[in-house]
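**Student:**
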Amino acid sequence: MTEYVPGKCNIGKINRLSRFIIGVALLAFVLWAFFWMKETGFSSFFRLVLFFPLYGGFLGVTQAAVGFCILNAEEKKFELR
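481 is the number of the first residue of the sequence shown in my numbering; add one for each residue after it.
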């Protein structure tokens, strides 16, 4: 097993693919939920709740694109599967 190198890729192809799929699914859900809430008359306050899945979606897609997870780096581990 190789030594952990800070700042380098710490997630492998399978993890990147799963983060990308989950990220895109979250972004699609947020888009659908936003328009559904807008059409059904939900107040703007309730639409703010969509920030959390939106953040998760962007985080997943970004981690998949860059190949780097901050939480893995914090724990000095890497999952290159």
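Every residue, glycine too, gets a C-beta built ideally from N, C-alpha and C.
Quick caveat, the model's predicted, so the values are computed rather than measured.
#1: If you draw a straight line from the C-alpha of ALA508 to the C-alpha of TRP516, how long is it?
#2: Cutting at 7 Å between CB atoms, please list the residues of its own chain near GLY547, excluding the five before and the five after it.
#3: Look at ALA541 and VAL504 and say whether their C-beta atoms are less than 8 Å apart.
#4: Would the beta-carbon of PHE514 fall within 8 Å of that of LEU530?
**Tutor:** Let me spell this out:
#1: Along the sequence shown, read from residue 1 onward, the residue named residue 508 stands at position 28. Along the sequence shown, read from residue 1 onward, the residue named residue 516 stands at position 36. Cα to Cα, ALA508 sits roughly 12 Å from TRP516.
#2: As a working note, residue 547 is residue 67 in the sequence shown. Only residues of its own chain outside the window of five on either side were considered, and among them CYS489, ILE491, ARG496 have a CB closer than 7 Å to the CB of GLY547, listed in chain order.
#3: Locating residue 541 in the sequence shown gives position 61, where the first residue counts as 1. Locating residue 504 in the sequence shown gives position 24, where the first residue counts as 1. The identity of residue 541 in the sequence shown is Val, whereas the question assumes Ala. Cβ atoms of VAL541 and VAL504: closer than 8 Å.
#4: Here residue 514 refers to the residue found at position 34 when the sequence shown is read from its first residue. Here residue 530 refers to the residue found at position 50 when the sequence shown is read from its first residue. Yes, Cβ-Cβ distance for PHE514 and LEU530 is below 8 Å.
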